[in-house]
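J.: Under my numbering, think of the first position of the sequence shown as 15, with each following residue one higher. Can you read through this structure? Questions will come right after.
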Amino acid sequence: MPLPQKFADFDIPNAGVTVWLFKKSGGAGGVAPVFTGHWIATTDELEAALKEAIAEARDAIEEVNPYNLLAQNNEASVLNIGTLETHADRIVAASADALQQRKVRNLRQIQNTDFYVIKLTSGGDVLHAVRKTDASWRSSRRGNYIDVLFRDEGLELDDAPQFSLSKYVDFFIVDDQILIKEKNKFESIVSYRQAHENDFAELQAEPLFAGLFTDLAPLVAFVGTNKIQLRRICAIRQKGHYQDQAFMARLRQHHAEYQLNLVFDANGRIQPTDETCSDIITALLDHRLSSAFSENVYNVPDATQVN
Numbered sequence: 015m016p017l018p019q020k021f022a023d024f025d026i027p028n029a030g031v032t033v034w035l036f037k038k039s040g041g042a043g044g045v046a047p048v049f050t051g052h053w054i055a056t057t058d059e060l061e062a063a064l065k066e067a068i069a070e071a072r073d074a075i076e077e078v079n080p081y082n083l084l085a086q087n088n089e090a091s092v093l094n095i096g097t098l099e100t101h102a103d104r105i106v107a108a109s110a111d112a113l114q115q116r117k118v119r120n121l122r123q124i125q126n127t128d129f130y131v132i133k134l135t136s137g138g139d140v141l142h143a144v145r146k147t148d149a150s151w152r153s154s155r156r157g158n159y160i161d162v163l164f165r166d167e168g169l170e171l172d173d174a175p176q177f178s179l180s181k182y183v184d185f186f187i188v189d190d191q192i193l194i195k196e197k198n199k200f201e202s203i204v205s206y207r208q209a210h211e212n213d214f215a216e217l218q219a220e221p222l223f224a225g226l227f228t229d230l231a232p233l234v235a236f237v238g239t240n241k242i243q244l245r246r247i248c249a250i251r252q253k254g255h256y257q258d259q260a261f262m263a264r265l266r267q268h269h270a271e272y273q274l275n276l277v278f279d280a281n282g283r284i285q286p287t288d289e290t291c292s293d294i295i296t297a298l299l300d301h302r303l304s305s306a307f308s309e310n311v312y313n314v315p316d317a318t319q320v321n
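Structure representation (structure tokens):
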């Protein structure tokens with residue numbers, strides 16, 4: 015999948031720059047998060063450094079892959095998802111206008127910022143580069159450290175508040191597309207894990223899914239709030255193999271030869287235990303595969319059907 019053309023052609027060196035600082039609230043129980051943003055004045059030198067870092071981040075992208083619950087990217091790739099599938103459109107809306115009443119006026123508006131957005135504008139085009147903040151933005155950190163400055167071959171006290179802007183980007187927003195470099199941070203900012211928790215709760219309530227098991231409690235406890243397991247369990251719902259009676263019949267018949275540690279009762283229902291939950295998830299994802307060439311059996315983190 016190629017880079018979106020508007021992203022590839024965006025004139026970063028000549029773009030205008032606005033830095034927005036955001037604090038996030040809400041996002042639990044299926045409620046959309048609230049992003050409260052303020053923009054902050056920046057010097058020409060800082061803006062030039064930020065544009066250079068963003069250009070380098072874009073130039074490092076060699077591959078674009080579709081986002082899905084289990085997809086992973088590497089240092090040269092990004093994951094692509096539409097803004098309508100996330101709450102990222104709220105970030106775009108909150109940073110639309112640099113009104114004077116939204117300008118940073120005091121330190122309190124900066125401290126404990128959750129993430130920041132470097133908004134670039136070129137003609138009618140807009141590019142947002144989003145990054146989760148590090149510990150330098152936490153007010154608690156300043157109470158634990160003495161800030162110093164190296165000058166004239168020695169250290170001296172530095173009372174000026176200091177914050178770090180990373181050279182890296184967690185994700186880009188351009189038009190209706192999101193290009194994700196750091197999946198975990200993207201999901202944290204837009205509350206994707208909370209969406210996974212809600213999805214799992216809905217899955218448990220499905221009679222067809224619940225009816226596969228003698229008791230769902232061990233599986234629910236195994237998944238818990240672990241973000242990786244939540245992704246996997248939501249991918250099970252997305253793939254829907256558990257709804258296919260033929261798939262489930264073959265699973266009961268062949269699980270042992272694929273070295274899946276599964277236990278079925280006399281009625282063909284799965285009996286989850288602490289020891290079997292991992293293999294239950296693997297089986298329902300259809301991620302235990304056999305090679306016709308080596309005759310080996312493999313666990314795979316993700317699977318793309320080719321026929």
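Don't be surprised by glycine CBs; every beta carbon is placed ideally from N, CA and C.
Out of curiosity, what's the CA-to-CA distance linking Gly96 and Ser178?
T.: The alpha-carbon atoms of Gly96 and Ser178 are separated by roughly 29 Å.
J.: When the Cα of Met262 is compared with those of Ala71, Gly238 and Ile294, which residue comes out closest?
T.: Closest by alpha carbon: Ile294.
J.: Rounding to the nearest angstrom, what Cα-Cα distance links Ala231 and Glu211 in this structure?
T.: In a straight line, the C-alpha of Ala231 is about 15 Å away from that of Glu211.
J.: Count Cβ pairs between the segment 252-259 and the segment 279-288 that sit closer than 8 Å; are there 3 or more?
T.: Contact between the segment 252-259 and the segment 279-288 is absent, because fewer than three Cβ pairs lie under 8 Å.
J.: Which residues does DSSP list as the beta-bridge partners of Ala143?
T.: Note: Ala143 sits in a beta bridge opposite Ile132 and Phe186.
J.: Drop a sphere of 10 angstroms on the beta-carbon of Glu201, count the other beta-carbons inside from all chains shown, and report buried for 16 or more, exposed for fewer.
T.: Buried is the call here.
J.: Judging by CA-CA distance, which residue of Arg165, Arg104 and Ile160 is the nearest neighbour of Ser39?
T.: Out of Arg165, Arg104 and Ile160, Arg104 has the C-alpha closest to the C-alpha of Ser39.
J.: Could you tell me which whole alpha helix (DSSP H) segments of length 4 or greater appear in the segment 200-237?
T.: If we require 4 residues or more, the alpha helix (DSSP H) runs fully inside the segment 200-237 come out as 206-219, 221-224 and 231-237.
J.: With 16 as the cutoff for other CB atoms within 10 Å, does Tyr81 come out buried or exposed?
T.: Result: buried.
J.: With a threshold of 16 other CB atoms inside 10 Å of the CB of Leu169, please say whether the residue is buried or exposed.
T.: When all chains shown are included, Leu169 counts as exposed.
J.: For Gln191, name the three-state secondary structure that DSSP assigns.
T.: Of the three classes helix, strand and coil, the one that applies to Gln191 here is strand, per DSSP.
J.: With H, G and I counted as helix, E and B as strand and the rest as coil, what does DSSP make of Asn240?
T.: It is coil, neither helix nor strand.
J.: Going by alpha carbons, who is nearest to Val106 out of Phe49, Gln125 and Phe278?
T.: If we check each option's Cα against that of Val106, Phe49 comes out closest.
J.: Can you tell which of Lys117, Lys197 and Gly238 has its C-alpha closest to the C-alpha of Leu84?
T.: Taking only the C-alpha atoms, the option nearest Leu84 is Lys197.
J.: State the Cα-Cα distance for the pair Ala215 and Glu66, rounded to the nearest angstrom.
T.: Answer to the nearest angstrom: the Cα atoms are 44 Å apart.
J.: Should Asn88 be flagged as near chain B, meaning a C-beta pair shorter than 8 Å?
T.: Here there is only one protein chain, and chain B is not present.
J.: Compute the distance between the beta-carbons of Asp111 and Lys37, then report whether it is under 8 Å.
T.: Cβ distance not < 8 Å, so Asp111 and Lys37 don't count as in contact.
J.: Quickly, what does DSSP pair Phe36 with across the bridge? List them, please.
T.: For Phe36, which the question treats as bridged, DSSP gives the partners Gly51 and Phe129.
J.: Smallest Cα separation from Leu22: which of Ala55, Gly51, Ala71 and Lys181?
T.: Looking at the sequence itself, residue 22 is Ala, so the reference to Leu does not match. Minimum Cα distance to Ala22 is reached at Ala71.
J.: Note down, in chain order, each residue of its chain lying with its Cβ closer than 7 Å to the Cβ of Thr135, except the 5 sequence neighbours on either side.
T.: Cβ neighbours of Thr135 beyond the five flanking positions: Ala29 and Gly30.
J.: Can you round the beta-carbon distance between Ile203 and Lys146 to whole angstroms, since I take them to be within the 8 Å contact cut?
T.: With a Cβ gap of about 6 Å, Ile203 and Lys146 count as contacting.
J.: Could you work out which residue in Val78, Ala149, His269 and Ile124 is closest to Ser91 when comparing CA atoms only?
T.: The candidate whose alpha carbon is nearest that of Ser91 is Val78.
J.: Should Ser109 be labelled buried (16 or more other beta-carbon atoms within 10 Å of its own) or exposed?
T.: Counting Cβ neighbours within 10 Å, Ser109 comes out buried, since at least 16 surround it.
J.: Straight-line CA distance for Asp25 to Ala149?
T.: Answer to the nearest angstrom: the Cα atoms are 32 Å apart.
J.: Kindly indicate the opening and closing residues of the beta strand (DSSP E) around Arg302.
T.: Per DSSP, Arg302 belongs to the beta strand (DSSP E) from Arg302 to Ser304.
J.: Hey, could you find the ends of the alpha helix (DSSP H) Ser292 is sitting in?
T.: Taken as a continuous stretch (DSSP letters only), the alpha helix (DSSP H) holding Ser292 covers Cys291 to Leu299.
J.: Using alpha carbons as the reference points, say which of His301, Val144, Gly238 and Asp300 lies closest to Ser180.
T.: Among His301, Val144, Gly238 and Asp300, the Cα nearest to that of Ser180 is on Val144.
J.: Might you give, ordered along the chain, the residues of its own chain that have their beta carbon closer than 7 Å to the beta carbon of Cys291, omitting 5 neighbours on each side?
T.: Hits under 7 Å: Pro232, Leu233 and Phe236.
J.: Which residue from His268, Arg251 and Asp229 puts its Cα closest to that of Arg302?
T.: Ranking His268, Arg251 and Asp229 by Cα distance to Arg302 puts His268 first.
J.: Verify whether the separation of the beta carbon atoms of Asn264 and Gly282 is less than 8 Å.
T.: At residue 264 the sequence reads Arg, which differs from the Asn that was named. Contact: no.
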